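Trainee: Sending over a structure as structure tokens; questions will come in a sec.
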Amino acid sequence: MIKIVHYINQFYAGVGGEEKADIGPHMQEGAMGPGAALKAAFGGDAEITHTIYCGDSYYAENTEKASAEILEMIQKVKPDVFIAGPAFNAGRYGLACGSISKIVQEKLEIPVVTGMYQENPGAEMYKDSIYIIATKDSAAGMRDAAPKLAKLALKLAKGEKIGASIEEGYMPGKARVNFFEEKRGSRRAVEMLLAKISGKPFVTEFPMPDFDRVAPAAAIDVKTARFAIVTSGGIVPKGNPDRIESSSASKYGEYAYADVNADPSTVYETAHGGYDPVYANQNGYRVLPYDTLLNYEKEGKIGSIHGKYYTTVGNGTAVKDSAKFGQEIAEKLLADGVNAVILTST
Amino acid sequence: MKEIERAGIAVVHVCTITPISMTVGANRIVPAIAIPYPLGDPKKDAGAEVTLRREIMDKALSALATPVSEQTIFE
Numbered sequence: 001m002i003k004i005v006h007y008i009n010q011f012y013a014g015v016g017g018e019e020k021a022d023i024g025p026h027m028q029e030g031a032m033g034p035g036a037a038l039k040a041a042f043g044g045d046a047e048i049t050h051t052i053y054c055g056d057s058y059y060a061e062n063t064e065k066a067s068a069e070i071l072e073m074i075q076k077v078k079p080d081v082f083i084a085g086p087a088f089n090a091g092r093y094g095l096a097c098g099s100i101s102k103i104v105q106e107k108l109e110i111p112v113v114t115g116m117y118q119e120n121p122g123a124e125m126y127k128d129s130i131y132i133i134a135t136k137d138s139a140a141g142m143r144d145a146a147p148k149l150a151k152l153a154l155k156l157a158k159g160e161k162i163g164a165s166i167e168e169g170y171m172p173g174k175a176r177v178n179f180f181e182e183k184r185g186s187r188r189a190v191e192m193l194l195a196k197i198s199g200k201p202f203v204t205e206f207p208m209p210d211f212d213r214v215a216p217a218a219a220i221d222v223k224t225a226r227f228a229i230v231t232s233g234g235i236v237p238k239g240n241p242d243r244i245e246s247s248s249a250s251k252y253g254e255y256a257y258a259d260v261n262a263d264p265s266t267v268y269e270t271a272h273g274g275y276d277p278v279y280a281n282q283n284g285y286r287v288l289p290y291d292t293l294l295n296y297e298k299e300g301k302i303g304s305i306h307g308k309y310y311t312t313v314g315n316g317t318a319v320k321d322s323a324k325f326g327q328e329i330a331e332k333l334l335a336d337g338v339n340a341v342i343l344t345s346t
Numbered sequence: 347m348k349e350i351e352r353a354g355i356a357v358v359h360v361c362t363i364t365p366i367s368m369t370v371g372a373n374r375i376v377p378a379i380a381i382p383y384p385l386g387d388p389k390k391d392a393g394a395e396v397t398l399r400r401e402i403m404d405k406a407l408s409a410l411a412t413p414v415s416e417q418t419i420f421e
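Chains G and H, in that order, give the protein sequences.
For the first sequence, the working numbering begins at 1 and goes up steadily by one.
For the second sequence, the working numbering begins at 347 and goes up steadily by one.
Okay, structure coming up:
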């Protein structure tokens, strides 16, 4: 029987939400949470003998310690394959799945497979090192993902030949595999061209890498600069007047700062559903450092402050939406002569 | 963040998981304290927390005042 160790986060283990995101790794016998879907997909060819779960914040904030603790657990069990996730579009979880899988592959030489959504930052970071099955952006995609994860895990365990990314469903980058197309290249190229001319969908066989990089802006003279604060940490006026969503935000807010003498817990809260909100709700300045910026202005350390701050929830938010928010915010900032931005993320 | 910088405005990204910030393409990065409280620490008393926030913001200001030609983490 093929032995599998499965890694999941505290949420999928049923331990708790963001308030438990700082728990260290634990190992338990048998399958837990999404392991049930994998178990069904294995159809008796493999068994999840142990599940390791760890808080997402714990892993992200203590990567070296967490991964060492997890490696020790895995070494005791000696699985044939290690599976992590899938993480879908959860950023910290994707980072943890990618990071621990890569470390297990390198240090223990055990084959690994994980899964996540293509926009998960963990995908860009690890797809060249490990097999990452491309999944949908939410847990609703588990039904599609489980058979692909299971199939690839079984092949790896049995030492079978792994097909090309397009056949197995992993993200291109990890392996280059030759295979024969049924149609010759000239025919495929002409068909693609005809589809393009007639406005029909077509899929390129050689996507250009997407290096969306922006050149660094010139340094500023802080003494004369006009500052603004932008945050993806979801700090909103108490009551969240525009009802910014706790995840997959469809909008951003533009708000005047509250009186800095007011108790922050009475004037701000966070709309963000992707981290434990207790600390930001107690004191929004932990995410929106307006108090410090205002002191700088009074002391003459900086030029001036734009009167409003911009906020959204960077939790599963689509890249194209974030880019649109950014463009709109940039226009507003430029119109007011802002040339320096403090952008905080949780 | 990138759209704001594309418009020519200098941006400093204050965040805890700096590898993500590098992956998404921030140019000036200042590490923060923790995910749920990037610019604070509930374990400290109020005065010490304000000092801590100021230390991080001081780094953010010096990052903005520093010319960079590539992605830089200001430890």
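Built from N, CA and C at the ideal position, the CB exists for glycine as well.
All of these numbers come straight from a predicted model, not from anything done at the bench.
#1: With distances taken from CA atoms, which of G:Tyr296, G:Asn120 and G:Tyr279 is nearest lysine 390 of chain H?
#2: Which ranges would you report for the alpha helix (DSSP H) in the segment 1 to 61 of chain G if only whole runs of at least 4 residues count?
#3: Residues of chain H with CB closer than 7 Å to the CB of aspartate 276 of chain G, please, in chain order.
#4: Among residues of its own chain, excluding the 5 on either side of glutamate 19 of chain G, which ones have a beta-carbon nearer than 8 Å to its beta-carbon?
#5: Could you check what DSSP says for serine 198 of chain G in three-state terms: helix, strand or coil?
#6: Just the Cα atoms here: how many angstroms apart are alanine 340 of chain G and alanine 153 of chain G?
#7: Relative to the C-alpha of threonine 311 of chain G, which candidate in G:Asn261, G:Ala60, G:Lys196 and G:Ala256 has its C-alpha closest?
#8: Counting pairs of beta carbons, one from the segment 96 to 110 of chain G and one from the segment 144 to 151 of chain G, are three or more of them closer than 8 Å?
#9: Which residue marks the beginning of the beta strand (DSSP E) containing glycine 326 of chain G, and which one marks its end?
#10: Between the Cα of glutamate 297 of chain G and the Cα atoms of H:Arg400, H:Ala378, H:Ser367 and H:Ile375, which residue gives the shortest distance?
#11: Taking contact to mean 3 or more Cβ pairs, one atom from each stretch, closer than 8 Å, check whether the segment 61 to 72 of chain G and the segment 18 to 38 of chain G are in contact.
#12: Let's test the definition: count the other Cβ atoms within 10 Å of the Cβ of glutamate 245 of chain G and tell me whether it reaches 16, buried, or not, exposed.
#13: Less than 8 Å between the beta carbons of valine 319 of chain G and glutamate 269 of chain G, yes or no?
#14: Looking at methionine 116 of chain G and glycine 163 of chain G, is the spacing between their C-beta atoms short of 8 Å?
#15: Taking the CB atoms as reference points, tell me whether leucine 343 of chain G and valine 396 of chain H lie closer together than 8 Å.
#16: Counting only Cβ-Cβ distances shorter than 9 Å, please list the residues of the segment 287 to 299 of chain G near chain H, keeping chain order.
#17: Using 10 angstroms around the beta-carbon of glutamate 351 of chain H, count the other beta-carbons present and answer buried if the total reaches 16, otherwise exposed.
#18: List the DSSP bridge partners of threonine 418 of chain H.
#19: As a quick exercise: from G:Thr63, G:His6 and G:Ile4, pick the residue whose alpha carbon is nearest that of isoleucine 363 of chain H.
#20: Strictly under 8 Å for the Cβ-Cβ distance: is threonine 364 of chain H near chain G by that measure?
#21: Cα separation between phenylalanine 202 of chain G and isoleucine 166 of chain G?
Mentor: The structure says:
#1: Among G:Tyr296, G:Asn120 and G:Tyr279, the Cα nearest to that of lysine 390 of chain H is on G:Tyr279.
#2: Qualifying alpha helix (DSSP H) stretches, in chain order: 35 to 42 and 56 to 61.
#3: What aspartate 276 of chain G touches in chain H: Pro382.
#4: Asp276 and Val278, listed in sequence order.
#5: Residue state for serine 198 of chain G is assigned as coil, using DSSP reduced to three classes.
#6: Approximately 48 Å, taken between the alpha carbons.
#7: When G:Asn261, G:Ala60, G:Lys196 and G:Ala256 are compared, the shortest CA-CA separation from threonine 311 of chain G is found for G:Ala256.
#8: The segment 96 to 110 of chain G, when compared against the segment 144 to 151 of chain G, does not touch it at the 8 Å Cβ threshold.
#9: Element bounds for glycine 326 of chain G: not the beta strand (DSSP E) but the alpha helix (DSSP H), 319 to 335.
#10: With distances taken between Cα atoms, glutamate 297 of chain G lies closest to H:Arg400.
#11: They touch, by the three-pair rule.
#12: With 16 or more other Cβ atoms from the protein chains shown falling within 10 Å of its own Cβ, glutamate 245 of chain G counts as buried.
#13: Between valine 319 of chain G and glutamate 269 of chain G, the C-beta spacing is not below 8 Å.
#14: Not in contact: glycine 163 of chain G and methionine 116 of chain G (Cβ atoms no closer than 8 Å).
#15: Between leucine 343 of chain G and valine 396 of chain H, the CB-CB gap reaches or exceeds 8 Å.
#16: When C-beta distances to chain H are compared with 9 Å, the residues of the segment 287 to 299 of chain G below that value are Val287, Leu288, Pro289, Asp291, Thr292, Leu293, Asn295 and Tyr296, in chain order.
#17: Counting Cβ neighbours within 10 Å, glutamate 351 of chain H comes out buried, since at least 16 surround it.
#18: Answer is H:Arg374.
#19: Checking every option, the nearest Cα to that of isoleucine 363 of chain H belongs to G:Thr63.
#20: So, not an interface residue.
#21: Distance between the alpha carbons of phenylalanine 202 of chain G and isoleucine 166 of chain G: 15 Å.
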